[in-house]
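Heads up: the protein sequence lines correspond to chains U and A, in order. Using my numbering, read the first sequence as starting at 181 and increasing by one per residue. Using my numbering, read the second sequence as starting at 181 and increasing by one per residue.
Protein chains: 2
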Amino acid sequence: MSRSHSPSIRMVASRAGVSVATVSNVLNGKASVSPDMVARVNKAVEELGYVVDIAASRLRSRKSLLAGVIVPDLTNPMFAAFVSTLEHLARVDGFDLVVVSARNDAAEEADRLANIRAWRPAGLIAIPCDGAFKSRLPAGFSIPTVLADRIPDHDEFDLVAVDNAAAAGAVARHLDEQGFRNCLVVGTRLSISNVRERWEGVQAAARQMTLELLEIGIDDPVGLDAFERRLRERSKPQAMFALDHGTALATYRIVAEMGLKVPGDIAFASFDDMEWMQLVGSGVTAVRQPVEAMAEKAWLLLSRRLAGEAGEPVTRRLRCAIEIRGSTARSAVSRGGETESLKREEKHGNQ
Amino acid sequence: MSRSHSPSIRMVASRAGVSVATVSNVLNGKASVSPDMVARVNKAVEELGYVVDIAASRLRSRKSLLAGVIVPDLTNPMFAAFVSTLEHLARVDGFDLVVVSARNDAAEEADRLANIRAWRPAGLIAIPCDGAFKSRLPAGFSIPTVLADRIPDHDEFDLVAVDNAAAAGAVARHLDEQGFRNCLVVGTRLSISNVRERWEGVQAAARQMTLELLEIGIDDPVGLDAFERRLRERSKPQAMFALDHGTALATYRIVAEMGLKVPGDIAFASFDDMEWMQLVGSGVTAVRQPVEAMAEKAWLLLSRRLAGEAGEPVTRRLRCAIEIRGSTARSAVSRGGETESLKREEKHGNQ
DNA sequence: AATTTGCAATAAAACGTTTTATCGAGGAAT
DNA sequence: ATTCCTCGATAAAACGTTTTATTGCAAATT
């Protein structure tokens with residue numbers, strides 16, 4: 181049991197010798213309160229360390245300066261950056277955020293959404309687990325909603341995403357032009373829309389290069405075993421392309437453990453540019469997603485809806501940058517050796 | 181303006197043909213309500229998609245199943261993992277979390293704390309920006325509080341941290357035993373308690389090895405320049421030890437850019453074991469902090485306080501593991517070359 | 001048969017706010 | 001001097017809950 185409750189507006193009022201209504205008026209900057217009152221109230225507020233009870237405030241005023249945010253996994257650096265940016269923007273607009281993670285689980289996503297609803301947020305920003313997001317919204321939960329990053333099955337929401345197909349296609353073209361004759365493409369699962377779009381982009385862009393797809397689950401040892409077996413086959417692929425951060429990390433680890441040289445033995449490219457990709461070997465070629473921009477756009481879209489803007493759901497596709505690094509340097513013919521020297525020439529485009 | 185408000189307990193009551201009190205009783209599993217009523221209420225809840233309004237509930241019941249969490253930076257993977265674990269544990273206990281980031285800024289920390297207070301959480305878990313945390317708590321904000329990771333100036337709160345000195349000392353001893361004669365130790369600033377403790381641990385443990393300290397700010401180009409200049413001097417250190425993740429990443433990047441071989445030209449060790457440290461070169465020797473365990477301990481401590489456990493503030497120090505990798509392999513005498521072979525032998529202690 | 005007990009259900013109060021309606025006082029207009 | 005505004009301040013109602021006190025009714029006790 182807590183000793184003393186935190187001060188209420190009533191205590192402020194009595195200490196200032198005014199009514200609670202006056203205190204409320206002062207705090208909310210309402211019109212026509214005399215300077216004298218303002219001073220008295222502020223003094224009392226200061227002395228008591230009074231802070232408004234947001235919940236009670238929202239309850240009565242029926243206006244909620246709160247937005248819900250749900251992401252598949254907070255430990256994913258991309259999503260963490262997304263949330264962090266969002267939090268900052270929200271605060272600037274006077275909003276609070278209730279952030280939850282679905283931990284890559286659809287059932288948990290549904291549960292957390294119900295939980296978010298219990299907070300009665302004014303709006304929602306979601307990076308869905310998968311395409312069936314809508315079906316997991318609690319019945320009758322209809323607040324302005326912006327989806328981000330992953331593409332849902334039904335387009336009834338505003339959406340911000342990156343142009344997966346184009347970016348993945350550009351990487352594929354790059355590999356193709358470097359002269360790699362075949363490429364092993366890996367991703368968690370095609371059921372994740374991003375992965376699917378990227379795979380389709382690769383297929384559309386590859387010309388000379390033959391393709392091969394391997395789905396590896398999320399933290400799935402079986403899938404990783406399959407991957408490793410594939411690399412041990414005689415007809416090992418000349419290049420590989422990981423379609424998301426998770427598989428990039430997992431597969432790169434295996435490649436390193438097997439003692440394969442990159443790009444000498446196999447070229448390596450990745451969607452999602454993580455910080456370690458600049459450090460490892462001669463650098464890993466990667467697609468850099470504009471996460472911050474995505475968060476900004478998502479918040480902007482939501483703000484507009486909250487301001488009452490009507491109209492059809494809109495979709496915004498953001499362009500990705502591609503960081504060419506040593507891991508895809510031409511060496512299909514001349515194995516090993518001299519790749520070190522052309523190390524990371526565009527290092528500084530990276531700030 | 182939203183069209184239809186989400187259903188209230190009153191609507192549930194009228195649809196079920198009972199009183200609101202009965203609905204509340206059913207929802208909260210209160211004693212003695214007939215099975216008939218239970219069924220009717222649940223049916224109505226189902227049909228309307230009713231979800232309780234947490235804020236109103238807390239307001240009246242005066243019991244808050246909400247805990248505040250503040251961290252210096254959400255994009256730091258360590259803190260993200262901390263928060264993620266915490267969120268899961270909280271949920272298991274029926275708690276919600278309001279998570280904010282201070283963005284490495286003391287003023288912002290103070291601001292966010294006031295904001296957290298507006299939510300009237302039952303407890304608080306904080307990773308403070310610096311030692312002066314207490315001074316930034318809003319006046320009269322006294323709820324059960326657990327600090328984590330960083331050590332405050334005054335010990336009036338429960339605290340969970342790692343044994344920085346011992347772990348850093350072990351690394352120093354390792355470097356010493358490997359035969360490195362001098363070591364450049366880098367960290368953001370000694371004013372961060374962790375960094376200070378680690379530095380002290382290093383000093384206490386080093387025997388043959390001479391030490392040298394360099395403070396590099398957080399995202400501070402000046403500090404990094406100083407670091408780079410130091411590495412260009414003729415009497416370049418044989419080994420270096422980065423005392424936190426930020427400096428480890430920044431300095432390793434510079435080392436790589438300068439074309440220095442690790443450990444051939446300089447040995448490298450780090451506090452904070454990040455995933456890329458297994459991948460880069462022959463692996464980076466690092467202290468692995470038990471973040472999840474720290475979150476668990478923090479939550480446990482808070483739960484107890486919330487359950488009413490009284491008593492003096494307690495401090496728990498968790499032990500760190502040390503991952504010896506190639507970056508500190510003995511090569512002070514025999515430069516370059518054969519270090520590849522002893523690559524990452526304890527890879528599997530790492531799961 | 002009259003009273004008490006026990007129990008299920010509800011009406012009403014309360015939580016900390018904001019909003020709406022009311023009030024009183026001090027000028028300006030009649 | 002009376003009436004009419006205006007304006008600053010407040011009392012009271014309301015928000016969606018939970019809790020407390022009250023009700024009504026049937027069963028159990030005299």
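Where is the CB? At the ideal position from N, CA and C, for every residue including glycine.
8 Å Cβ cutoff, I250/U in contact with chain A: Output row for I250/U: interface = no.
Extent of the continuous alpha helix (DSSP H) run through S194/A: Counting along the chain, the alpha helix (DSSP H) containing S194/A begins and ends at I189 to A196.
In DSSP terms, what D276/U is bridged to: Looking at the DSSP output, D276/U shares a beta bridge with L246/U.
Partners in chain A for G426/U, counting only beta-carbon separations shorter than 7 Å: Correct list: empty, because the minimum Cβ distance to chain A is about 11 Å.
Separation of C500/U from Q358/U, as counted between CA atoms: As the crow flies, the alpha-carbon of Q358/U is around 21 Å from that of C500/U.
CB contact below 8 Å: V467/U versus chain A: Taking Cβ atoms only, chain A never reaches closer than 8 Å to V467/U, which makes this a no.
Residues of its chain near Q469/U, where Cβ-Cβ distance is below 6 Å and the 5 sequence neighbours each way are ignored: So the qualifying residues of the chain are V342 and C500.
Assigned secondary structure, V221/A (DSSP; H/G/I helix, E/B strand, else coil): V221/A: helix per DSSP, three-state reduction.
Selected residue, minimal CA-CA separation from A345/U, among L327/U, S371/U, W379/U and A312/U: If we check each option's Cα against that of A345/U, W379/U comes out closest.
Segment contact flag, the region 230 to 246 of chain A with the region 236 to 256 of chain U, C-beta cutoff 8 Å, min 3 pairs: These segments touch.
Proximity to L498/U [Cα-Cα], best of A487/U, E472/U and V192/U: The shortest C-alpha separation from L498/U is found at E472/U.
CA-to-CA distance, A385/U to D356/U, given in whole angstroms: The alpha-carbon separation between D356/U and A385/U amounts to approximately 9 Å.
For I446/U, the nearest candidate out of L364/U, A352/U and S214/U (CA to CA): Among L364/U, A352/U and S214/U, the Cα nearest to that of I446/U is on L364/U.
For G303/A and S244/A, the rounded distance between their alpha carbons: Approximately 9 Å, taken between the alpha carbons.
Nearest neighbour of P301/U, chosen from E289/U, K314/U and T325/U [CA to CA]: Taking only the C-alpha atoms, the option nearest P301/U is T325/U.
Proximity below 8 Å, CB of V221/U to CB of V192/U: Closer than 8 Å, so yes.
Short-range partners of chain U found in the region 299 to 321 of chain A, where Cβ spacing is below 9 Å: Hits within the stretch, in order: W299, R300, A302, P318, A319, G320 and F321.
Cut-off 6 Å between Cβ atoms - residues of its own chain near F321/U, not counting five sequence neighbours on either side: Leaving aside the five residues that flank F321/U on each side, the residues in its chain whose CB is nearer than 6 Å to its CB run, in chain order, R297.
Burial state of E455/A, where buried means 16 or more other Cβ atoms lie within 10 Å: E455/A should be labelled exposed.
Rounded C-alpha distance that separates Q388/U from G463/U: Each residue's alpha carbon lies about 25 Å from the other.
Residue-level contact to chain A via CB, N530/U, 8 Å cutoff: Unreliable placement is indicated for N530/U, whose pLDDT of 34 sits below 50; no coordinate value is reported for it.
Contacting residues, own chain, Cβ-Cβ under 8 Å from N362/U (five flanking each side not counted): If you ignore the 5 residues before and after N362/U, its C-beta comes within less than 8 Å of the C-beta of M389, T390, L391, E392, P417, Q418 and A419, all in its own chain and listed in chain order.
Nearest candidate by alpha-carbon position, reference K477/U, set L411/U, L339/U, L429/U and S188/U: Checking every option, the nearest Cα to that of K477/U belongs to L339/U.
C-alpha gap between S214/A and V272/A, whole angstroms: Using only the alpha carbons, I get a separation of about 29 Å.
Beta-carbon neighbours of D276/U, restricted to chain A and to distances below 9 Å: Those are V278, V280, N295, A298 and W299, listed as they occur along chain A.
Alpha-carbon to alpha-carbon, V375/A and T495/A: For the pair T495/A and V375/A, the Cα-to-Cα distance works out to about 18 Å.
Beta-carbon gap between G403/U and E395/U smaller than 8 Å: Yes, they are a contact pair.
Ordered list of alpha helix (DSSP H) runs contained in the region 309 to 372 of chain U, each at least 4 residues: Along the region 309 to 372 of chain U, the alpha helix (DSSP H) occurs as fully enclosed runs of 4 or more residues at 344 to 357, listed in sequence order.
Residues of its chain near L423/A, where Cβ-Cβ distance is below 6 Å and the 5 sequence neighbours each way are ignored: So the qualifying residues of the chain are G367, V375, R378 and F451.
Three-state class that DSSP yields for G517/U in the structure shown: Here the model assigns G517/U a pLDDT of 38, short of 50, so the residue's position is not dependable, and the following value carries that caveat. Collapsing the DSSP output to three states places G517/U in coil.
Rounded straight-line distance, which links the Cα of Y230/A to that of S188/A: Separation of S188/A and Y230/A (C-alpha to C-alpha, rounded to the nearest whole angstrom) is 7 Å.
Separation of D253/A from S194/A, as counted between CA atoms: So the alpha carbons of these two residues sit roughly 47 Å apart.
Residue-level contact to chain U via CB, V203/A, 8 Å cutoff: Contact with chain U is absent for V203/A, since none of that chain's Cβ atoms lies less than 8 Å from the residue's Cβ.
Contact with chain U by W456/A, beta-carbon distance below 8 Å: Closer than 8 Å to some Cβ of chain U, the Cβ of W456/A qualifies, so yes.
Neighbour list for I398/A in chain U, Cβ cutoff strictly below 7 Å: Neighbours of I398/A on chain U: none; closest Cβ ~15 Å, over 7 Å.
Extent of the continuous beta strand (DSSP E) run through L394/A: Its beta strand (DSSP E) spans residues T390 to E395.
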